[in-house]
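Positions 390 to 714 (this note's numbering) are the ones given, in order, by the sequence shown. Here a beta-carbon is modelled for each residue, glycine too, at the ideal position from N, C-alpha and C. Quick notes on the structure that follows.
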Amino acid sequence: MKKHLILAGMLACFGISAKAQDTKIEEPKGKAIIQMFENFHSGFGDNKNDIGFELERTYLGYEYNLGKGLSVKGVMDIGKSSDVSDLHRVAYMKNALIQWKTGDLTLNGGLISTTQFNFQEKFWGYRYVMKSFQDEYKFGSSADLGISAAYKFTDWLSADAIIVNGEGYKKIQGNDGFNYGLGVTLTPLKGFQIRLYGGLNQKGDETKKDIANVAAFMGYKCDRFRVGAEYNYMTNTSDNDNADQNGYSIFGSVKVAKFADIYARFDDLNSENDWNISKDEQAAILGAQFKLGKYVKIAPNFRMSIHRDGSDNIYYAYINCYFGL
């Protein structure tokens, strides 16, 4: 009888302990989001007087895990704006969303990150040095108000869909249209990935033209290096009829030490029938990145822009700095 009582007590204690562990796993927890992008730059030739320190962007926010696959996130984006003096900074709400993950399904709602070039940006890996191609040349916005869904069918196939206002995170909804996007990601081999995306930004206004985006990306990465290439096409830029643009970006990086790597990238932007030739260019960047501990990165680099309209080439030297939690 005594043995039975001891055994029952041990089982009860085990059950209470297991329950406590399960409860602990489901306990809500959060983390701060702090990221700062800074640089020191110096131009050459006609731009030799453009020299100094610059605070490009700061992200401040908080992400909270509610348990059972639910989480919420809010992020402020503090950066430059063309609407005010360069001496000032403007704060925007970059993300204000709720996310639910269950199995292979992920749902997002609110002011969310868009899926148009998020994959390429992460693969490029040096956002604090330079934006990815579509973001750099304004092919779309990195965040917007709406909903998105992603599903992983197999280890080699996943798909995502998104519906947002189409105005970006810096503007309120200004028309009755929506921006629809559909993406497919393939991983036929370990480390080798293919990304296809198509989007339509409906303007809901007869005076404006709908904007269509098509993008294709292919890349390979491993512990020692990564290399990627993307092609992008956009119709009716800024809602203007026949104002089409296209371009490609090729980039790569090699790890030369545990704390250092070398990266390079080449962009080529074109406008059909040269309607935007004053901004069409070929751009190249070559640099290195050094990780100073867990939270700090420093990336010296050299940049060159070749303008298609025949104006003088532009040369710059940068030292980009990143701090992030």
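Query	Result
Verify whether the separation of the beta carbon atoms of G682 and Y652 is less than 8 Å.	no
Assess, as a yes-or-no matter, whether the segment 566 to 576 is touched by the segment 520 to 527 under the definition of 3 or more beta carbon pairs within less than 8 Å.	no
According to DSSP, what are the bridge partners of I666?	Bridge partners of I666: none, in fact.
Could you tell me which residues DSSP pairs with C710 in its beta bridges?	E427, I687
Taking 8 Å as the threshold (C-beta atoms), are R584 and F614 in contact?	no
In this structure, does DSSP put I582 in helix, strand or coil?	Looking at the sequence itself, residue 582 is Gln, so the reference to Ile does not match. Three-state DSSP puts Q582 in a strand.
Does the distance from the C-beta atom of S530 to that of G557 stay below 8 Å?	yes
Would you mind stating whether Q424 and G617 have Cβ atoms separated by less than 8 Å?	no
Taking just the CA atoms, how far does T504 sit from G387?	There is simply no residue 387 to check, as the chain begins at 390 and stops at 714 in what is shown.
If I measure Cβ to Cβ from H696 and keep anything under 6 Å in the same chain, skipping five residues before and after, which residues do I get?	E670
Judging by CA-CA distance, which residue of L459, E619, R692 is the nearest neighbour of G419?	L459
Would you tell me roughly how many angstroms separate the C-alpha atoms of K597 and G566, rounded to the nearest one?	11 Å
For K469, which option in V461, K579, A480 has the closest C-alpha, if you only look at C-alpha atoms?	A480
With distances taken from CA atoms, which of R516, G514, N497, T576 is nearest S537?	N497
Report the three-state DSSP secondary structure of G489 (helix, strand or coil).	The amino acid at residue 489 is misidentified as Gly; the sequence shows Trp. Here W489 sits in strand by DSSP.
Quick check on K462: buried or exposed, where buried means 16 or more other Cβ atoms within 10 Å of its Cβ?	buried
For D411, does the count of other Cβ atoms within 10 angstroms reach 16, so buried, or fall short, so exposed?	The predicted position of D411 is uncertain, since its pLDDT is 48 and thus under 50; a value taken from the coordinates is nonetheless stated next. The residue is exposed, with fewer than 16 neighbouring Cβ atoms inside 10 Å.
Is G608 near F528, with beta carbons less than 8 Å apart?	no
Tell me the residue span of the beta strand (DSSP E) that contains N602.	600 to 610
Which term fits G588, buried or exposed, when burial requires 16 or more other beta carbons within 10 angstroms of its beta carbon?	buried
Based on the DSSP output, what are the partners of Y558 in its beta bridges?	Partner(s): none; Y558 has no beta bridge.
Does the segment 629 to 649 come within contact of the segment 542 to 554, defined as at least 3 CB pairs closer than 8 Å?	no
Per DSSP, A618 is paired with what?	M607, I639
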